[in-house]
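Chains as they are written, first to last, in my numbering: chain G, -17 to 239; chain F, 8 to 316. Don't be surprised by glycine CBs; every beta carbon is placed ideally from N, CA and C.
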Amino acid sequence: MYLQENFVAYKTILIKEILRFSRIWLQTIIPPAITMGLYFIIFGQLVGSQLSDIDGYTYMDYIVPGLIIMSIISNSYSNVVSSFYGTKFHHHIEELLVSPIANLTIIAGYVSGGVARGLIVGIIVTLVSLFFTQISIHSYIITLLVALLTAILFSLAGLINAIFANSFDDISIVPTFILTPLTYLGGVFYSIEMLPEFWQNVSLVNPVLYVVNAFRMGMLGVSDASLSVAILIIISFIILLTSICLWLLRKGVGIKK
Amino acid sequence: MKALEIKNLRKIYKNGFEALKGINLQIEEGDFFALLGPNGAGKSTIIGIICSLINKSSGQVSILGHDLERTPHEAKKHLGVVPQEFNFNVFEPVEEILVNQAGYYGVSRSEAFKRAEIHLKQLDLWDKRHDMARDLSGGMKRRLMIARALMHNPKILILDEPTAGVDIEIRRSMWAFLQQINEQGTTIILTTHYLEEAEQLCKDIAIIDQGVIIKNCAMGELLSELDSECLELNLKTAINSPPSLGDYPVRLKNQTTLEVEISKGESLNTLFELLTFNKINVTSMRNKSNRLEQLFLNLVSSSERNTGA
């Protein structure tokens, strides 16, 4: 009974989240498609046509996986951070706190909402990329697995950001000053082999590098990092962030007086 | 079994303010219970702790025998809450708010739609079911919160100022509705600043002041403590000075309104004989203040005197 009730509660949060971002699709679904389309035109076609191949792929082909995973990262993160912070700001988090939902169900519901938006935007960006290049997927299983794990990871990160946030400024600080630089420096637009050795080593500390390269391995079969190490790192971070979320909700940090 | 049992509940906020100083309270199943107190007395803190919105510092809260800390799932599923502030998503349609609420309690979506129809019709909101919640009037929003709280058929319903800011017609219809669900077996715990509301609806009462319960008894028992009542008499013809009415203390409020204090158990016949003797025609009469209001003010001011506040 307990599991069944929590499963219904999980579905409720997930449906609510999907309806939320679908209702405002002009703000949530379309902008990433336009932004990534511009990236394909400017970096892929205009600038990329002047550059030599990387790992045997044209520059356009090389950046497609990076741009798809970048859109998954930013959309899964921003979906959860804005939605969960909104529930705090408008006090309807109280609906959840009063109810008998388990904390893990709350986390699973919001994270699944973030995953749904991240993957939908990822699919749309993939469709946009087809206007500029032909994609042949190296491994569907790796590509889908990495996309899913990445969406889960960054949804969890967004949830932690929302739990701590006390203002709308707080939910834009992390994406602006941490997430975007790490993503841009995580090999979306280049291979770290193009960097001097020192900066190659520095880049290896950036966890987003492993995410981008694992996804590129799935799509193109080339990567700057070992796939198994990358997946291990992503799963480890998922376990770590889930534990942090559970602890924060149990303590009521940022949501209870 | 007690619907709600609170043992030695304390709350000290981070700034050092002690909002609750060891509250003990028992509420029977099926009761219509009033929790009253002046602003800042600790009512909202108690309700916040019962609803898991505020962390307690120490003490124990049990709902229908289930400890809120040890078995939160069992304890919480019996509780419905109508908070003081609107706390639904104003950007969601009315029906969706109810269906989601039911879902949080494990009620399937198809069943939730059926229940939403029943409660929206009961509370005259059925026509508004597709409207965004932000477009509802204040009274409609209050009724929406009551409908939402009932979606999982709670055995205990907590109402924190449910009729604040609604007009008298809606307030009366809400009273009738609450009485009806109480008669059907739902335990209701009510906080309100409208003491007339508490007097009309509630069987038992607790008054809290400065984090301490200063009175906890049956409503009738409390009302029987009132020593005297002040009656306001409306006169047919104007008079210029207060008449002599024997031992009754009397005050002329204005030329056509007379205030007379009646001791507990004193007959009104003598008063009217004296009024007739003085050729004063009374057209109507009412209690100057609500009886509970008078007692409430006496208790709270006496509590403040005792604590030197």
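* Give me the Cα-Cα distance between L78 (chain G) and Y59 (chain G), rounded to the nearest whole angstrom. => 21 Å
* **CB of V235 (chain G) within 9 Å of CB of F146 (chain G), strictly** => yes
* D43 (chain G) - partner residues in DSSP beta bridges -> Partner(s): none; D43 (chain G) has no beta bridge.
* To do: May I have a chain-ordered list of the alpha helix (DSSP H) segments no shorter than 4 residues that lie completely inside the region 129 to 174 of chain F?
  => 145 to 157
* Would you check whether the ligand GTP has a heavy atom nearer than 8 Å to the C-beta of A48 (chain F)? => Annotation note on the ligand GTP: not contained in the displayed structure, which lists no ligands.
* **Chain-ordered chain F contacts of T(-6) (chain G) [CB-CB under 7 Å]** => N107, G110, Y111
* Positions along the region 199 to 218 of chain F whose CB lies within less than 7 Å of some CB in chain G -> none
* Asked: What is the DSSP secondary structure of S118 (chain G), counted as helix, strand or coil?
  -> coil
* In the DSSP assignment, find the unbroken alpha helix (DSSP H) run with I(-3) (chain G) in it and report its ends. => -16 to 5
* To do: Tell me, please, which residues DSSP counts as bridged to C224 (chain F).
  => F:I212
* Would you say the region 220 to 233 of chain G touches the region 130 to 138 of chain G, given that touching needs at least three Cβ pairs under 8 Å? -> yes
* Report the residues of the region 57 to 78 of chain G with a CB closer than 9 Å to any CB of chain F, ordered along the chain. => G68, T69, H72, H73, H74, I75, E76, E77, L78
* What did DSSP end up calling T125 (chain G) once you bin it into helix, strand or coil? -> helix
* Take N15 (chain F) and list the residues in its own chain whose beta-carbon comes closer than 8 Å to its own, dropping the five residues that flank it on each side. => G29, I30, N31, S65, G66, Q67
* Three-state secondary structure assigned by DSSP to F24 (chain F) -> coil
* To do: Let me know the secondary structure DSSP gives G87 (chain F) once reduced to three states.
  => strand
* To do: Closer than 8 Å by beta-carbon distance: list the chain G residues that pair up with K83 (chain F), in chain order.
  => V80, S81, P82
* To do: Look up N15 (chain F) in the DSSP assignment and say whether it is helix, strand or coil.
  => strand
* For M8 (chain F), name the three-state secondary structure that DSSP assigns. => coil
* What three-state label does DSSP hand V211 (chain G) in the structure shown? -> helix
* In its own chain, which residues sit with a C-beta less than 7 Å from the C-beta of E280 (chain F), not counting the 5 before and 5 after it? -> none
* Contacting positions in the region 42 to 76 of chain F - beta carbon closer than 9 Å to chain G -> T52, G55, C58, S59, L60, I61, N62
* Asked: Does any residue of chain G bring its CB to less than 9 Å from the CB of H80 (chain F)?
  -> yes
* What do you get for M176 (chain G), buried or exposed, if any count of 16 or more other CB atoms within 10 angstroms of its CB means buried? -> exposed
* Would you check if there are 3 or more beta carbon pairs closer than 8 Å linking the region 108 to 116 of chain F to the region 177 to 191 of chain F? => no
* Asked: At least one CB of chain F closer than 9 Å to the CB of V(-10) (chain G): is that the case?
  -> yes
* Could you pull out every residue in the same chain whose Cβ sits closer than 7 Å to the Cβ of Y21 (chain G), ignoring the five residues on either side in sequence? => L49
* For the beta strand (DSSP E) containing A41 (chain F), list its first residue and its last residue. => 39 to 43
* Can you give me the Cβ contacts of T268 (chain G) inside the same chain, cut-off strictly under 8 Å, excluding the 5 residues immediately before and after it? => Here chain G has residues from -17 to 239 only, and residue 268 (chain G) is not among them.
* To do: Have a look at G272 (chain F) and T69 (chain G) and give me their C-alpha separation to the nearest angstrom.
  => 55 Å
* **Presumed contact (8 Å Cβ cut-off) between V307 (chain F) and D216 (chain F), rounded CB distance** => 5 Å
* To do: Answer yes or no: does any C-beta atom of chain F fall closer than 9 Å to that of R5 (chain G)?
  => yes
* According to DSSP, is H200 (chain F) helix, strand or coil? -> coil
* **Closer than 9 Å to chain G by CB, P90 (chain F)** => yes
* **Candidates G:F197, G:C227, G:I226, G:V204, of which the one nearest I213 (chain G) by Cα** => G:F197
* Three or more C-beta pairs below 8 Å linking the region 198 to 205 of chain G and the region 118 to 130 of chain G -> yes
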